[in-house]
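Enquirer: In this note's numbering, the protein residues as written are 13 to 414.
Where a beta carbon is used, it is the ideal one built from N, C-alpha and C, also for glycine.
It should be emphasised that the depicted structure is a prediction, and the values quoted were computed from it without experimental measurement.
Quick one: the structure is below, and I'll ask about it shortly.
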């Protein structure tokens, strides 16, 4: 196991900040009306989450809410979405300083901690980094670091060097299934290398991203959702799309996961090929003829009933957050374009069409998310990850003008 000193990592990080392309914050003009809306959104979201807190069973995590029967659907801590609720509480606390949110977040972290040893899921980035990572950012603690490093070790057990990927879904022994969502879990591994100096986490993340870039994407830079590899030699057996319209369609949230994931890859490595990949994905998305004028994507870019198909607020929220980071690294023309699209998304998600009115929506912030239309689950409902990335996107927007 090769160890990198923390001093070396710090030195490398400083150097790449100077050599990396960056447009600079002064290139963008703040929309003061939108900033005012964002601050109002934080307060409204805090109140919404207090409604959710009251309805949530003590040992459960929120998943979604069905308005037609008033049913709040919940999960245990081992569900892939479990980190989003405490993560959103923590991000809202960072903006509002509302102690009730902080207290609830810490309570949920106590329920979630044991998942650090869970080696049966690839989603430990979502589960642990979106929760304990934010907790550690707000108030660094040795116990948080231990939990996150242990989580990274658990995630690393799912890596197969013959395939060059982290396994996503467990299946029969002859399958090795990898989904595009898994790009979102690599940030935890980079964090672990930065904190420990152990480069094995970094190497796994880079290898996974390189394999995904080679096999998951079509010539137009749209992505398949699911690939099935041979675990013995890494050959690709199957390419398909489980939650999208068809195997060859561009499932909207999957495209957003890829955009966000390869933007993180560039941030953490400063390897130009990852920036190029993120830009290619962004260009596919923002120039797609089926992206609506309000930039809130349909659940699948190739859904047959467009323009009468459902929108997916979760895909839009993830896309806006990713674009607000990507515009830091891209050239001026593209950066301006990304910033404007992200602004448009935030502005429209803040409208009554997508943002729930006070006390409604089961306490969730956004309406009109689509989990899996083919699977007939979580259709046109609020989703915890839609709320998480919406809050994150608004925080990122504000940070441009500090």
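Once DSSP output is grouped into helix, strand and coil, what is the label at residue 313?
Expert: Looking at residue 313 - three-state DSSP - the assignment turns out to be coil, as it is neither helix nor strand.
Enquirer: Are the stretch 196-207 and the stretch 247-262 touching by the rule of at least three beta carbon pairs closer than 8 Å?
Expert: No, because fewer than three Cβ pairs between the stretch 196-207 and the stretch 247-262 fall closer than 8 Å, the two stretches do not touch.
Enquirer: Considering only residues of the same chain and omitting the five flanking positions on each side of residue 395, which have a CB-CB separation below 7 Å?
Expert: Here the set comprises 76, 326, 381 and 383.
Enquirer: Which residues in the same chain have their Cβ closer than 7 Å to the Cβ of residue 302, if we skip the five residues on either side of it in sequence?
Expert: Same-chain partners within the cutoff: 310, 313 and 318.
Enquirer: Any contact of the stretch 384-391 with the stretch 343-353, i.e. 3+ C-beta pairs under 8 Å?
Expert: Contact fails: fewer than three Cβ-Cβ distances are below 8 Å.
Enquirer: In the DSSP assignment, find the unbroken alpha helix (DSSP H) run with residue 96 in it and report its ends.
Expert: Start and end: 96-108.
Enquirer: Give the C-beta separation of residue 124 and residue 94 to the nearest angstrom, bearing in mind that I take them to be a contact with Cβ-Cβ under 8 Å.
Expert: Contact holds; Cβ gap of about 6 Å.
Enquirer: Can you check which of these residues, 234, 379 and 73, is closest to residue 268 by C-alpha distance?
Expert: It is 234.
Enquirer: Between residue 401 and chain B, is any beta-carbon pair separated by less than 8 Å?
Expert: The structure shown contains no chain B, having only a single protein chain.
Enquirer: Which full runs of the alpha helix (DSSP H) of 4+ residues lie inside the stretch 162-248, going along the chain?
Expert: Runs of the alpha helix (DSSP H) inside the stretch 162-248: 198-208 and 211-227.
Enquirer: Quick one: what's residue 367 bridged to in DSSP?
Expert: According to DSSP, which records beta bridges pairwise, residue 367 is partnered with 378.
Enquirer: My understanding is that residue 90 touches residue 130, with C-beta atoms under 8 Å, so please give their C-beta distance in whole angstroms.
Expert: Confirmed, Cβ separation roughly 6 Å.
Enquirer: So is the beta-carbon of residue 113 under 7 Å away from any non-hydrogen atom of the ligand GDP?
Expert: As presented, the structure is devoid of all ligands, the ligand GDP included, so that no description of it is given.
Enquirer: Which of the three DSSP states, helix, strand or coil, is assigned to residue 251?
Expert: Three-state result, residue 251: strand.
Enquirer: On the DSSP letters alone, give me the boundaries of the alpha helix (DSSP H) that residue 123 sits inside.
Expert: Residues 111-124.
Enquirer: In terms of residues, what are the limits of the alpha helix (DSSP H) holding residue 326?
Expert: Element bounds for residue 326: 325-341.
Enquirer: Out of 56, 253 and 294, which has the shortest C-alpha to C-alpha gap to residue 240?
Expert: Among 56, 253 and 294, the Cα nearest to that of residue 240 belongs to 253.
Enquirer: Determine the contact status of residue 102 and residue 117, defining contact as a CB-CB distance below 8 Å.
Expert: Going by C-beta atoms, residue 102 is nearer than 8 Å to residue 117.
Enquirer: Assign residue 391 to one of three DSSP states: helix, strand, or coil.
Expert: DSSP places residue 391 in strand when its eight states are reduced to three.
Enquirer: Could you say if the stretch 359-375 and the stretch 51-65 meet the contact criterion of at least three C-beta pairs nearer than 8 Å?
Expert: Short answer: they touch.
Enquirer: Bridge partners of residue 77, per DSSP?
Expert: Paired residue(s): 84.
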